[in-house]
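According to the numbering used here, the stretch in the sequence shown is residues 2 to 139, in order.
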Amino acid sequence: MLFVRELQTDERQALDQAANNPSLDWSQRARIILLSAASKTVPDISAEVRLHPINVRKWIHRFNMRGLAGLRSGKSPGRPPVFSETQRQEIADLAHANPREVGSAFDRWSLQRLREHLMTHNIVGSISAETVRQILLD
2 MLFVRELQTD ERQALDQAAN NPSLDWSQRA RIILLSAASK TVPDISAEVR LHPINVRKWI
62 HRFNMRGLAG LRSGKSPGRP PVFSETQRQE IADLAHANPR EVGSAFDRWS LQRLREHLMT
122 HNIVGSISAE TVRQILLD
């Protein structure tokens, strides 16, 4: 059976505060650790916090290895960017340019026209209008 290691006084105080503050992103994780410290089993904790037992085990292991820091959210690496900063800047610069000045036959950019121009002029290989919109919002 998996249980959390013995809690230090300052850890227990921090966990109690976090568990009672649902606005914190690690409130549920703090509850998991406190329940484990109270000798509740992983299946019991899982049912109480409505989290899969695999995730309950993960948080107990992380706390046992890293303490409170292991419960806080870190930056997730996520998916790597598809477009380089240079490409993103070129897209933004083009959107601010007059379409006629770059050889297009219209007065204003639409997302679709901008998308087509980017691909036909090999600024990007492929891009959706939605991705163009998101880049311009950044």
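Glycine included, C-beta positions come from ideal geometry on N, C-alpha and C.
When you compare only the Cα positions, how much space is there between L25 and G79? Stepping through the sequence shown from its first residue, residue 25 is reached at position 24. Stepping through the sequence shown from its first residue, residue 79 is reached at position 78. One C-alpha to the other measures close to 22 Å.
Given this structure, state the Cα-to-Cα distance separating D11 from D139, to the nearest angstrom. Here residue 11 refers to the residue found at position 10 of the sequence shown. Here residue 139 refers to the residue found at position 138 of the sequence shown. One C-alpha to the other measures close to 41 Å.
A31 classed as buried or exposed, judged by whether at least 16 other C-beta atoms fall within 10 angstroms: Translated into positions along the sequence shown, residue 31 becomes position 30. Buried: at least 16 other Cβ atoms inside 10 Å.
Under 8 Å, with one C-beta from each stretch per pair, do the stretch 39 to 47 and the stretch 94 to 109 reach the 3-pair mark? no
Determine the contact status of L52 and Q29, defining contact as a CB-CB distance below 8 Å. As a working mapping, residue 52 is identified with position 51 in the sequence shown. As a working mapping, residue 29 is identified with position 28 in the sequence shown. Taking 8 Å as the Cβ cut-off, L52 and Q29 qualify as a contacting pair.
If you draw a straight line from the C-alpha of R6 to the C-alpha of N65, how long is it? Counting from 1 along the sequence shown, the entry for residue 6 is found at position 5. Counting from 1 along the sequence shown, the entry for residue 65 is found at position 64. For R6 and N65, the distance between alpha carbons rounds to 6 Å.
Near I120, which residues of its chain fall below 8 Å by C-beta distance, leaving aside the five closest residues on each side in sequence? Position 119 of the sequence shown, counted from the first residue, corresponds to residue 120. Correcting the residue identity first, residue 120 is Met in this sequence and not Ile. Once the five neighbours on either side are set aside, the close Cβ partners of M120 are G126, S127 and I128.
Taking the straight line between their C-alpha atoms, what separation do you get for A38 and L16? As a position in the sequence shown, residue 38 is number 37, starting the count at 1. As a position in the sequence shown, residue 16 is number 15, starting the count at 1. About 11 Å.
Compare the C-alpha of T132 against each of R58, N123, Q18 and A93 and name the closest. Numbered from its first residue, the sequence shown carries residue 132 at position 131. Closest by alpha carbon: A93.
Can you grab the Cα-Cα spacing for the pair Q135 / H122, in whole Å? As a position in the sequence shown, residue 135 is number 134, starting the count at 1. As a position in the sequence shown, residue 122 is number 121, starting the count at 1. Rounded to whole angstroms, Q135 to H122 spans 20 Å at the Cα level.
Beta-carbon proximity check, I124 vs Q88, cutoff 8 Å: The residue given as residue 124 occupies position 123 in the sequence shown. The residue given as residue 88 occupies position 87 in the sequence shown. Cβ distance < 8 Å, so I124 and Q88 count as in contact.
Ignoring anything shorter than 4 residues, give me the alpha helix (DSSP H) runs that lie fully in the stretch 72 to 116, in order along the chain. 86 to 97
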